[in-house]
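Take a look at the structure set out below.
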Amino acid sequence: MRGLAYLLFLAALAGLVWWLPVLWELALAGAIGGAYWAFFAAGGGAEEQGPEDQG
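Residues in the sequence shown are numbered consecutively from 371, following this note's numbering.
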């Protein structure tokens, strides 16, 4: 689910850069931060954690 949200976020950033090309650095930073959030950040719910993490 996070992967889909990340792709939608990238599409929104691409639209923003298409509209205002001067914001490409903001889009780059957002893409890097979004990748961290989508793929490397700790999950919040019990359904995203393994049995060893539920303590």
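Backbone N, C-alpha and C fix where the C-beta goes; we use that ideal spot for every residue, glycine too.
Local conformation of residue i per DSSP, three classes
i, result
"L374", "helix"
"F379", "helix"
"A408", "helix"
"L398", "helix"
"L390", "coil"
Distance between residue j and residue i (C-alpha atoms, nearest Å)
i, j, result
"V392", "G400", "14 Å"
"W389", "A411", "30 Å"
CB contact flag (residue i, residue j, <7 Å)
i, j, result
"G403", "Y376", "no"
"A397", "R372", "no"
Exposure of residue i, with buried meaning 16 or more beta-carbon neighbours within 10 Å
i, result
"L383", "buried"
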